[in-house]
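Each residue of the sequence shown is one higher than the one before, counting from -4 in my numbering. Heads up, the beta-carbon is just placed ideally off N, CA and C, and yes, glycines get one too. Computed from a predicted structure; not experimentally measured. Let me begin by presenting the structure, written as structure tokens, before commenting on it.
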Amino acid sequence: MTSIRRWLLGWLIFGMAAASGVAGYGIFHTARGEASELFDYELRTVALSLPSNLAGTEDGEHRNPDLGDLADDRIVIEIWNVRGELVYHSTAAPVFSRHDAGFSTVQRGEYHWRVFGLDQKDRYIQVAQPISVREDLALHLALHTLWPLGVLVPVTIVLVLLVVARGLAPIGGLTRALSTRSIDSLEPLRLDGTVPVEVMPLVKALNDLLQRLRTASQAQRTFIADAAHELRSPLAALKLQLQAASRDGSLKSEGPTLERVEGRVNRIIHLVQQLLTLAREDAHPVTSMVPMSLRRIGEQAVGDFSLLAETRDIDLGLECEGARTANDGYTVLAEPHGMSVLLGNLISNAIRHTPRGGRVDVILKRIDERVGFDVADTGSGIPEAELERVFDRFYRGEEAQGEGSGLGLAIVSRIAERHQLRLSVRNNEGRPGLCVAVSGLKALEVDVPVPVRS
-4 MTSIRRWLLG
6 WLIFGMAAAS
16 GVAGYGIFHT
26 ARGEASELFD
36 YELRTVALSL
46 PSNLAGTEDG
56 EHRNPDLGDL
66 ADDRIVIEIW
76 NVRGELVYHS
86 TAAPVFSRHD
96 AGFSTVQRGE
106 YHWRVFGLDQ
116 KDRYIQVAQP
126 ISVREDLALH
136 LALHTLWPLG
146 VLVPVTIVLV
156 LLVVARGLAP
166 IGGLTRALST
176 RSIDSLEPLR
186 LDGTVPVEVM
196 PLVKALNDLL
206 QRLRTASQAQ
216 RTFIADAAHE
226 LRSPLAALKL
236 QLQAASRDGS
246 LKSEGPTLER
256 VEGRVNRIIH
266 LVQQLLTLAR
276 EDAHPVTSMV
286 PMSLRRIGEQ
296 AVGDFSLLAE
306 TRDIDLGLEC
316 EGARTANDGY
326 TVLAEPHGMS
336 VLLGNLISNA
346 IRHTPRGGRV
356 DVILKRIDER
366 VGFDVADTGS
376 GIPEAELERV
386 FDRFYRGEEA
396 QGEGSGLGLA
406 IVSRIAERHQ
416 LRLSVRNNEG
426 RPGLCVAVSG
436 LKALEVDVPV
446 PVRS
């Protein structure tokens, strides 16, 4: 996979390294050339600075001139008088023949020498220096001129890394903004002054795509809601006609057949109602939070399903744990309608899957600044391998009992997701049944009291 960051860094660093190599090569050879000129100047300075009385004695002894730092390297000095006689020669140095005045390069044995000759009125001076010494010194000086380039290269590499990272930061920010979005959030990305001009066409294209997805999603939700709404009315009418025909005797059949037909109609009506509820929840991705009494919602839900529980001989009740006062309303910040639908679906699902003589408990809980509730039943529970799939739409386990559409827990999951709640399902320990726990509701200090029923 091609990486813009890797491509930019690779070519920038390679180009900078190549340019630095060419620059270093040029600087090195220029420095060596200038060092060679400097050594030529040193030879000329030595020749001009020799004292006029410098000469050897008759016994061959002579004294070396004091030239300071100029003669620290190996330098051979030779002096001839006007008669062409060698009157001075450096100690322990090879003897050179007399060369023409000026600079020249000569070879003596295996070594090359740089020679400078100076013709004065009463003598001829010749100064020589080994080429190897000059090259070693020139190389040393040239390498010293390259140290700023050695510092510049790593500093420039670090600067390139920072600049490339800063230049690509808007793309990283765009990636994070998209990855942290909810699956239902199709709002357009907001443009600000930090978005570069080069990235703006990409942002506009993404916003256009999000708008089209939003339109298509809304159309799908509207279709499901309309279809469910249109199906609900004729199904209800069909049920009423079946009941009327059964009462007046116009529909003649045995009792079990009519019961099965009515059961199928009731199941279809329940499915359509669940589809309509799910469509409404999908159509409202944003939740308007208001202070509400969770205890009041629980009492209303228990009261609404009490008749259904009695017909199935199921004990349905509400318990409060961690209540601050006897009339603690368990006030939380939530959407009343959504929480009512969530709790109602959990109670309905528990009743449908609990056998006769069983029990369903709604337990309100308060832990520190958080409020939640459990819905526990004494049904057959769910196999451990299927617990992760119970919130999928239209999913019903192989051992599921009772009538259902497979949408109840999917609606619960959707509402919990909108409220940013934590939803968990587990089988009861030590006894049969299932427990669905909802937690994460934020408790409010200002409580909404619930009147005590007489």
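Asked: So the candidates are ARG109, ARG78, ALA438, SER47; which of them puts its Cα closest to the Cα of GLU363?; Found: For the sequence presented, residue 363 should be read as Asp rather than Glu. With distances taken between Cα atoms, ASP363 lies closest to ALA438.
Asked: For GLY367, tell me which candidate among GLY376, VAL327, GLY352 has the shortest Cα-Cα distance.; Found: VAL327
Asked: Say whether the region 108 to 124 touches the region 132 to 141, bearing in mind that this needs 3 or more beta-carbon pairs closer than 8 Å, one atom from each stretch.; Found: no
Asked: If you check the beta carbons only, do VAL110 and VAL101 fall under 8 Å apart?; Found: yes
Asked: Do ILE377 and VAL357 have their beta-carbon atoms positioned less than 8 Å apart in this structure?; Found: no
Asked: Quick check on this structure: which residue in GLY162, GLN206, ARG171, LEU81 has the alpha carbon closest to the alpha carbon of GLU193?; Found: GLY162
Asked: Starting from the Cα of SER180, find the closest Cα among ILE166, ALA160, ARG207, ALA164 and give me that residue.; Found: ARG207
Asked: Please classify ILE72: does DSSP put it in a helix, a strand, or coil?; Found: strand
Asked: Is the beta carbon of LEU416 closer than 8 Å to that of ILE346?; Found: no
Asked: Restricting to runs no shorter than 4 residues, where is the alpha helix (DSSP H) found entirely within the region 101 to 152?; Found: 126 to 140
Asked: Within 10 angstroms of its Cβ, does PRO196 collect 16 or more other Cβ (buried), or is it exposed?; Found: exposed
Asked: Tell me where the alpha helix (DSSP H) around ASN340 begins and ends.; Found: 331 to 347
Asked: Run the CB neighbour count on LEU65, radius 10 Å, all protein chains shown included, and call it buried at 16 or more, exposed below.; Found: With a pLDDT of only 46 at LEU65, under 50, the local geometry of the prediction cannot be trusted, and no value is derived from it.
Asked: On the DSSP bridge assignment, give the partners of THR326 in chain order.; Found: SER288
Asked: Where MET11 and LYS199 are concerned, what is the direct C-alpha to C-alpha distance, given to the nearest angstrom?; Found: 35 Å
Asked: Taking the alpha carbon of PHE23 as the point to measure from, which residue in GLU381, ILE126, LEU144 has its own alpha carbon closest?; Found: LEU144
Asked: What are the start and end residues of the beta strand (DSSP E) that includes GLY435?; Found: 429 to 437
Asked: List the endpoints of the continuous beta strand (DSSP E) containing ILE358.; Found: 354 to 362
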